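Per my numbering, residue 139 is the first one in the sequence shown, and the count goes up by one each step. Working notes for the structure below.
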Amino acid sequence: MEDDSVLIEYFGDTPIIRIIDFLLENRLFDYSKKQIIEETGMSKATFYRYWERIVEMELVKPTRSFGKTTLYKLNEANPVVDKIKELEMALIERAAPIATKAIPS
């Protein structure tokens with residue numbers, strides 16, 4: 139798909155990649171689980187199947203709560219998140235010359 143991010147393009151459109159990719163692309167903001175489900179377009183069942191693993195790996199951190207709702211964002215203090223960001227940048231750099239060649243002059 140043309141709108142896919144480099145992470146999805148290179149690693150496939152899997153639920154865990156979609157969740158991480160969404161949080162990575164929107165890392166300035168925090169989101170509820172419901173918002174992440176809506177924005178990634180996955181079912182609740184699929185989301186919750188992978189969410190616990192993401193939390194256990196500390197890829198996300200809770201930022202604030204109101205009522206029963208907790209908001210989360212990417213845990214930028216986690217070294218794994220740093221490596222994912224580095225990987226994304228490397229893939230973007232690698233894809234840029236390929237994309238430039240694909241554009242007709």
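Heads up, the beta-carbon is just placed ideally off N, CA and C, and yes, glycines get one too. If you're wondering where the values come from, they're calculated on a predicted model, not measured in any experiment.
Nearest candidate by alpha-carbon position, reference residue i, set the options
| i | options | result |
| --- | --- | --- |
| residue 205 | 156, 147, 170 | 170 |
| residue 165 | 211, 221, 220 | 211 |
| residue 217 | 145, 234, 228, 197 | 197 |
Whole-angstrom distance between residue j and residue i, CA atom to CA atom
| i | j | result |
| --- | --- | --- |
| residue 231 | residue 209 | 32 Å |
| residue 147 | residue 221 | 18 Å |
| residue 179 | residue 161 | 14 Å |
| residue 234 | residue 226 | 12 Å |
| residue 175 | residue 151 | 15 Å |
Close beta carbons around residue i, own chain, < 7 Å, minus the five adjacent residues each side
| i | result |
| --- | --- |
| residue 188 | 153, 154, 157 |
| residue 159 | 143, 145, 146 |
| residue 199 | 210, 211, 213 |
Spatial neighbours of residue i in its chain, beta-carbon cut-off 6 Å, leaving aside the 5 residues before and after
| i | result |
| --- | --- |
| residue 224 | none |
| residue 139 | In this predicted model, residue 139 has a pLDDT of only 42, less than 50, meaning its place in the structure is not dependable enough to derive any value. |
Near the ligand HEM: residue i beta-carbon under 8 Å from a heavy atom
| i | result |
| --- | --- |
| residue 167 | For the structure depicted, the ligand HEM is absent and the ligand set is empty, with no information on it obtainable. |
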